[in-house]
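Under my numbering, the first residue of the sequence shown carries the number 1, and numbering increases by one thereafter. Step one of this worksheet: look at the structure below.
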Amino acid sequence: MSRFPIRFSTFCSMPPPVLPSSVPSLVTAVTTMARWHQAWTGSLRFRLWVLGLVPLLVVFPIVIGVLVWVGGAQANHLLLLTLRGNLAGSHNYLNQVKTDVGWRVEQLVKTERLNQLIRDHAPQKDINEALTTAAKGGRLDFLLIASADGTVLGSSSGVARGSVLPPSYVVRQAQMGVASAAYEHFKWAALAAFSTEFSDRLFLPAPSPERAPALLQGLLINAAAHFPLAVNDPDVILVGGILLNQNAALMEHMRELIFPVGMLPDDTQGIVTLFMDGVRIAASAHRGADAAGAVVQPEVLERVLQQGETWLGQVVLADQSYLAGYDAILDGHGQRIGLIGVGFPYHPYQRVMSVLLMLVAGLLALAMLVLSVLFLRAGRMLTTRLRAITSTMVAVGQGDRTARVGVPQYDDELGQLMRHFDALLDTIARQAAEQEVAQHHIAEEASRRRALFEHERDGVLVLNPDGSVFEANPRAAALLGCNTAMMQQMHLHDWDAHYSRAEVTALLNEVGEDGRFLETLLRRSDDSTFPAELSISRVRWSDRTFVLVLLRDITERHAIQTELELYRLDLERLVVHRTKELQDRSEQLNTIFALSPDGFVLFNRRRKVAFANRAFLHMLGLESEQVIGLDEDDFSTLLAQKSLAQARFPTVAALRAAYKSRRQSEAQHQTSNDHELHRLFELAAPAHRMIEVLIRLSETATVSQILYFRDVTHETEVDRMKSEFLSTAAHELRTPMTSVYGYVELLRMREFDAPKRNQLLETVSRQSELMSSIINELLDLARIESRRGKDFVVERVALQEVLAEVVAGYKPPAERHAPVLPQSDVPLWVQVDRKKLQQALLNILSNAYKYSPQGGQVQLHYCHAHTEAQGAQVGVQVQDDGIGMTPEQLNRVCERFYRADSSGQIQGTGLGMSIVKEIVELSGGHLQIDSTLGAGTTVTLWLPAAPPLLGTETTPPA
1 MSRFPIRFST
11 FCSMPPPVLP
21 SSVPSLVTAV
31 TTMARWHQAW
41 TGSLRFRLWV
51 LGLVPLLVVF
61 PIVIGVLVWV
71 GGAQANHLLL
81 LTLRGNLAGS
91 HNYLNQVKTD
101 VGWRVEQLVK
111 TERLNQLIRD
121 HAPQKDINEA
131 LTTAAKGGRL
141 DFLLIASADG
151 TVLGSSSGVA
161 RGSVLPPSYV
171 VRQAQMGVAS
181 AAYEHFKWAA
191 LAAFSTEFSD
201 RLFLPAPSPE
211 RAPALLQGLL
221 INAAAHFPLA
231 VNDPDVILVG
241 GILLNQNAAL
251 MEHMRELIFP
261 VGMLPDDTQG
271 IVTLFMDGVR
281 IAASAHRGAD
291 AAGAVVQPEV
301 LERVLQQGET
311 WLGQVVLADQ
321 SYLAGYDAIL
331 DGHGQRIGLI
341 GVGFPYHPYQ
351 RVMSVLLMLV
361 AGLLALAMLV
371 LSVLFLRAGR
381 MLTTRLRAIT
391 STMVAVGQGD
401 RTARVGVPQY
411 DDELGQLMRH
421 FDALLDTIAR
431 QAAEQEVAQH
441 HIAEEASRRR
451 ALFEHERDGV
461 LVLNPDGSVF
471 EANPRAAALL
481 GCNTAMMQQM
491 HLHDWDAHYS
501 RAEVTALLNE
511 VGEDGRFLET
521 LLRRSDDSTF
531 PAELSISRVR
541 WSDRTFVLVL
551 LRDITERHAI
561 QTELELYRLD
571 LERLVVHRTK
581 ELQDRSEQLN
591 TIFALSPDGF
601 VLFNRRRKVA
611 FANRAFLHML
621 GLESEQVIGL
631 DEDDFSTLLA
641 QKSLAQARFP
651 TVAALRAAYK
661 SRRQSEAQHQ
671 TSNDHELHRL
681 FELAAPAHRM
691 IEVLIRLSET
701 ATVSQILYFR
711 DVTHETEVDR
721 MKSEFLSTAA
731 HELRTPMTSV
741 YGYVELLRMR
751 EFDAPKRNQL
761 LETVSRQSEL
771 MSSIINELLD
781 LARIESRRGK
791 DFVVERVALQ
801 EVLAEVVAGY
811 KPPAERHAPV
821 LPQSDVPLWV
831 QVDRKKLQQA
841 LLNILSNAYK
851 YSPQGGQVQL
861 HYCHAHTEAQ
871 GAQVGVQVQD
881 DGIGMTPEQL
891 NRVCERFYRA
901 DSSGQIQGTG
911 LGMSIVKEIV
921 ELSGGHLQID
931 STLGAGTTVT
941 LWLPAAPPLL
951 GTETTPPA
């Protein structure tokens, strides 16, 4: 090993080569790279210096960059989450104020004081004083009492009697008898109908003496409620509310709740604002911020008021950067009429993040610097010690046999190498001395002795033709456990333990000049044996013939062969075990593919179908021979032929292209969404099914891609039934709602005599009752389905007792007889929710009377049944002689909103039997319906029978 050709200091001090100005810059770059490469490959010290500076010059900037990027993004995300929470809190507070205003107005219409003044037609002064007291107590800006047509009868805010209220959502709701509260905006002239004191709060101060003050619209939290109706009481409503324009107390209280003292850093303050038409109408008190009149950015107006979205971002208020959020304020009709905004200064958070980043960067830089210094120091020590070893090697190579590295300073790996190197030099020196002595003795021996190669690794024997030893080298003597002098007195058969004397003599006589190899067992002088390999050949020296024997101890070879044989046996066992594991794995996969309800199709590397499980073949009505071996184009054509034209199977190539495109997009954006790779197609044969298909690419040696098929017909049908149910429910509610709205509008717009008015009101009441019935039954059905019987109060009851309570509480139609309770000697015990069972029986009994309008008897019976699958069951049978149903109607009788009578003459919601079915099935029973068109219907409600308790009565309850 030579010294390092280039040192780091030498390389750094080398002047750059002077090139002619005509040489291109590319040559300069190549030359520089070559010099760097030469320094890198030729100097370990240079490499260690470079590696030592990498953490400080490369890793540190990268870590700081990642920290700034990731940490800044996360900090901004947390600030935006905080801002979104503050915006939601302010909106909730304003909604709570609206709810409180509505609640106060609704409570005031129930007070005896106001109702007594209205009934007594008290003077306006008394009414105004009472309203003023109530408004102050309820912290309202105004309270008005108005007639049904909106004429003011009294006020707390100085509005003249006889004034007419402007069109208002809450007033219309109150006129219909519905108490409500909502945000409403009015122009200045319209606000005068609510209070004469609002004008000052609608004017904004002029920005300069030359310009007039601006006039804003007013934003109210308005509430109205109808006074209780009585025969002798007038039809009047109560209207009250709060003006939000320049409402400093409300805004300040809101700010204190959203931004408590000490919440924001550096004693900064948050701000809460309200806007109408893009102009600030109210704001919390804030240092350096405008109270009102500021204009919001156009992008905020477009995002919030036009698109209906929440806006979060940075704005500048009073020359300060704020993080602000804005959300829309909706009136009673759901229209966006204004903005609510919150914000807090952004600079303190930026300062905190900057300080934190500088601290982290400083600590990291210090750590990197310490690491680089330690690494460079260790590298310098390493190269210094390596140079010592190199110097010693050079000295030894130049003939200085006494040169040594010396005692190492550290007992590490390199120190051990230095000690071993010195030990090696000592050994070499000792062996060299011994070799010189041996060479001296060999030089004194005859040429025959030198030819025996005293240091031959194999034993060498020269035998006379009769097998006696003529000469033997020391190795042969050592192998046989004796010295060379003893060897010259021995015969070949003296140490051969395998062949007899006669066999040895025959072997010596038969061997020729070509020689032969054989393995035998030799005996040492201590009678121990060892396997040996002999090479025997006949040679001639001058006029004499000798037998040359090369002797080699093959004990180690036999041991290696034995070990190799053991390895071979172990390898065979491992191969058998691994083969069994692969077979088990294959059987597991075959079982999974065979038992899976989903279909799997595997393509080989040539993109031909190599496997299709039974679920796929059954799903598409195919045989294995029809699919195996098809390429992907033929496979796509086959599936396209079995699918409907409007929902055809996408080709395998299209699925693969979509998969690759999606994976590239995920790699760029670091997202994952396998749901977007799912594709649907609709089978026409062998049965109508909706199938979902997904592709996965494989890089194995035998599989290129896998197609996964799943039958989603049930999920699709459930979605369709949901949509159909929502459409039907909306239709059923729209019909009575249209009637109610139409008659109410008719009553508002025209005057009718008392009989006609009562007739219209009866219609409104009847349709309202129908709507209430539909909604109650929908809620009941939804509650039953969502809870799945968890809210059932199950108890042990007698079926006769429940049926008796239902019959006793049911009032049959006029001129119809109540059903007769059947007789039963033995109580029919069941474990059910008493009230739910009563509800189900009442629905069935009511349907029996409604659907037999021509009369006829409604009969009740008890039933018993026992099956192996369901055990003992008891039931109640309700039979009528009504209109009956066709088989098609019977199949749909438990559908929601379905009614067998399409004429509309029989009242009902179409939800009763759905509720009955849910209650019965959640109680462990089932519903049996038999019907014949024109002959009546029989409904049997079956429930599991509960075993009787010991000591209970055997007679049915009264």
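Where a beta carbon is used, it is the ideal one built from N, C-alpha and C, also for glycine. If you're wondering where the values come from, they're calculated on a predicted model, not measured in any experiment.
Glu519 in three-state terms, based on DSSP = strand
Is there contact here, the region 183-195 with the region 58-75, by at least three beta-carbon pairs under 8 Å?
-> no
In chain order, what residues of the same chain have a beta carbon less than 6 Å from the beta carbon of Cys630, not counting five sequence neighbours either side?
-> Reading the sequence as shown, one finds Leu at residue 630 and not Cys. Closer than 6 Å at the Cβ level, and outside the excluded window around Leu630, lie Val609.
Relative to the C-alpha of Gln489, which residue among Ala502, Tyr349 and Leu463 is closest?
-> Leu463
Is Arg113 helix, strand or coil by DSSP?
-> helix
Compare the Cα-Cα distances from Val164 to each of Val239, Val764, Ile127 and Val352 and report the closest residue.
-> Val239
If you draw a straight line from the C-alpha of Tyr499 to the C-alpha of Gly459, how long is it?
-> 19 Å
Is the region 507-517 in contact with the region 531-548, if contact means three or more CB pairs nearer than 8 Å?
-> yes
When DSSP labels each residue in this structure, what does Lys187 get in the three-state scheme?
-> coil
Which class does Pro345 belong to by DSSP, given the choice of helix, strand or coil?
-> strand
For Phe600, the three-state DSSP class (helix, strand or coil) = strand
Check Glu533 in the structure and name its three-state DSSP category.
-> strand
Which class does Val159 belong to by DSSP, given the choice of helix, strand or coil?
-> coil
N-terminal and C-terminal residue of the beta strand (DSSP E) that Phe611 is part of | Val609 to Ala612
Environment of His964 [buried if 16+ CB atoms lie within 10 Å] | Only positions 1 to 958 of the chain appear in this structure, which leaves residue 964 out of reach.
Looking only at its own chain, which residues have a Cβ that is under 6 Å from the Cβ of Val159, when we skip the five neighbours before and after it?
-> Val152
Beta-bridge pairing of Ile145 - partner residues as DSSP gives them | Gly154 and Leu238
Is there contact between the region 258-266 and the region 339-359, where contact requires at least three CB pairs shorter than 8 Å?
-> yes
Out of Asp825, Tyr849 and Pro822, point me to the one whose CA is closest to Tyr810's CA.
-> Tyr849
Own chain, CB closer than 7 Å to His91, minus 5 neighbours either side, in chain order = Asp327 and Ile340
What's the C-alpha gap between Ala798 and Val939?
-> 20 Å
Beta-carbon spacing of Asp422, Arg404 below 7 Å | yes
Val296 beta carbon less than 7 Å from that of Phe275 | yes
Exposure of Glu866, with buried meaning 16 or more beta-carbon neighbours within 10 Å | Checking the sequence, you will find His at residue 866 rather than Glu. So His866 counts as exposed.
Cβ neighbours of Gly467 in the same chain (closer than 8 Å, five flanking residues each side left out) = His491, Leu492, His493, Val504, Thr505, Leu508 and Val547
Just the Cα atoms here: how many angstroms apart are Leu363 and Leu51?
-> 21 Å
With 16 other Cβ atoms within 10 Å as the buried cut-off, status of Gln965 = There is simply no residue 965 to check, as the chain begins at 1 and stops at 958 in what is shown.
Bridge-paired residues (DSSP) for Leu799 | Note: Leu799 sits in no beta bridge, so no partner.
For Thr738, which residues of its own chain have a beta-carbon under 8 Å away from its beta-carbon, when the five flanking residues on both sides are left out?
-> none
How long is the line joining the alpha carbons of Ala647 and Leu683, rounded to whole angstroms?
-> 8 Å
Candidates Ile145, Met487 and Arg104, of which the one nearest Ala122 by Cα | Ile145
Confirm, please, whether the CB-CB distance from Ile691 to Leu655 is below 7 Å.
-> no
Go ahead and label Tyr322 buried or exposed: buried means 16 or more other beta carbons lie within 10 angstroms of its beta carbon, across all protein chains shown.
-> buried
Which same chain residues, not among the five before or five after Ala754, have their C-beta less than 7 Å away from its C-beta?
-> none
Contact check, His864 vs Gln877 under 8 Å by CB: the rounded distance?
-> Between Gln877 and His864 the Cβ distance is about 11 Å, and since that is not below 8 Å, they are no contact.
Hey, how far is the Cα of Ser298 from the Cα of Leu760?
-> The residue you asked about is not Ser; residue 298 is Pro in the sequence shown. Distance between the alpha carbons of Pro298 and Leu760 is about 50 Å.
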